[in-house]
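Letter 8 of the sequence shown, counting from 1, is numbered 8 in my numbering, and no numbers are missing. Everything below concerns the one structure shown next.
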Amino acid sequence: MNITVHSEFRYATRILKEHLDKTEDMFRRIISNECEYKEKLNLAILEEYNQSMYLVCDTFGKYEETHFYLNKETLNIFVVDKEQSSILSCFKVDFDLSETGTKTMLDVLLSEWENHKNKLVENKNDLENNKQHIKSEIKHKNEEIRQLKDRIKSLEESTHTLKTYSDNIDKEIKTLDYNVKNTLAKIIYSFGYKKEVLIK
């Protein structure tokens, strides 16, 4: 397992509380000249890391995929790269409590996390089956909607055709009515009518 200078710096300053007045660049120069200190630091980091429990794969800063490990005894979290070949960083679990309070809080949260994981395992299959059933129902309803839309379209077309027939009947009635009136007008308004009404 490789250990980055950044994780060495974080472990020295945050965990061991050493070199607190140094920047990471200053620390890099120090450990490049102090091989024994670097080796001792790496052994301590690896010893703690090897006693850690896996938590999760998640993002960390610029890294989209990293692995988080927790050492419950020391309350240290180690961040490992995607390939799990390098320790990128480390930090302490901090709930702004005393060490005892932090450990108690951590135990409560880990217990809660385990309960949630167990419930997920227990219920996931049933929930997935319910989800599939719902998806199937949605598909069925969408098919019903499609069929109803087709039926509505067909009914609208039929209605349009019937309306056209109805309009044509109205036109035919008007034509027939006109013909009746026109023929009557020819009979009534003959020259005899004109002589009777207009010529006096």
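Each residue gets a CB set at the ideal place from its N, CA and C atoms; glycine is no exception. Since the model is a prediction, treat every value here as computed from it, not as a measurement.
* Asked: With 16 as the cutoff for other CB atoms within 10 Å, does Val80 come out buried or exposed?
  -> Label assigned to Val80: buried.
* Within-8 Å CB hit, Tyr193 to chain B -> The structure shown contains no chain B; it is built from a single protein chain.
* To do: Find out if the Cβ-Cβ distance for the pair Leu41, Tyr11 is shorter than 8 Å.
  => Contact annotation: Leu41 and Tyr11 have beta-carbon atoms nearer than 8 Å.
* Under the rule that 16 or more other beta-carbon atoms within 10 Å means buried, what is Asn88, buried or exposed? -> The identity of residue 88 in the sequence shown is Leu, whereas the question assumes Asn. So Leu88 counts as buried.
* To do: Can you say whether Tyr49 is buried or exposed, counting buried as having 16 or more other CB atoms within 10 angstroms of its CB?
  => Per the 10 Å Cβ criterion, buried.
* Secondary structure, beta strand (DSSP E): runs of 3+ residues fully inside the segment 47-86 -> The segment 47-86 contains these whole beta strand (DSSP E) runs: 53-60, 63-71 and 76-80.
* DSSP state of Phe9, grouped into three classes? -> In the structure shown, Phe9 falls within a helical segment according to DSSP collapsed to helix, strand and coil.
* Simplified DSSP assignment, three categories, for Leu88 -> Reduced to three states, the DSSP call for Leu88 is strand.
* Use the C-beta contact count for Ile187: other C-beta atoms within 10 angstroms, 16 or more gives buried, fewer gives exposed. => For Ile187, the number of other beta carbons within 10 angstroms of its own is below 16, and it is reported as exposed.
* Asked: In whole angstroms, what is the alpha-carbon distance linking Ile152 and Asn142?
  -> Roughly 15 Å between the two C-alpha positions.
* What residues in its chain sit with their C-beta under 8 Å from that of Ser85, if we drop five residues either side in the sequence? -> Taking Ser85 as the centre and dropping the five residues before and after it, the same chain places the C-beta of Met1 and Asn2 closer than 8 Å to its C-beta, in chain order.
* To do: Would you be able to state if there are at least three C-beta pairs under 8 Å between the segment 49-65 and the segment 30-37?
  => No, the segment 30-37 is not in contact with the segment 49-65.
* Would you decide whether Ile31 is buried or exposed? Buried here means 16 or more other CB atoms lie within 10 Å of its CB. => Flag for Ile31 reads buried.
* **Whether Thr104 touches Leu75 by CB criterion (8 Å)** => Not a contact, by the Cβ cut-off of 8 Å.
* **Where the alpha helix (DSSP H) containing Leu16 begins and where it ends** => Neither: Leu16 is in no alpha helix (DSSP H) and is coded neither H nor E.
* Can you name the residues that DSSP bridges to Ile3? -> Answer by DSSP bridge pairing, in chain order: Ile87.
* To do: For my contact list, Val93 and Leu106 are in at a C-beta cut-off of 8 Å; report their separation, rounded to the angstrom.
  => With a Cβ gap of about 6 Å, Val93 and Leu106 count as contacting.
* How many angstroms separate the CA atom of Ile77 from the CA atom of Phe68? -> Spanning the two alpha carbons is a distance of roughly 7 Å.
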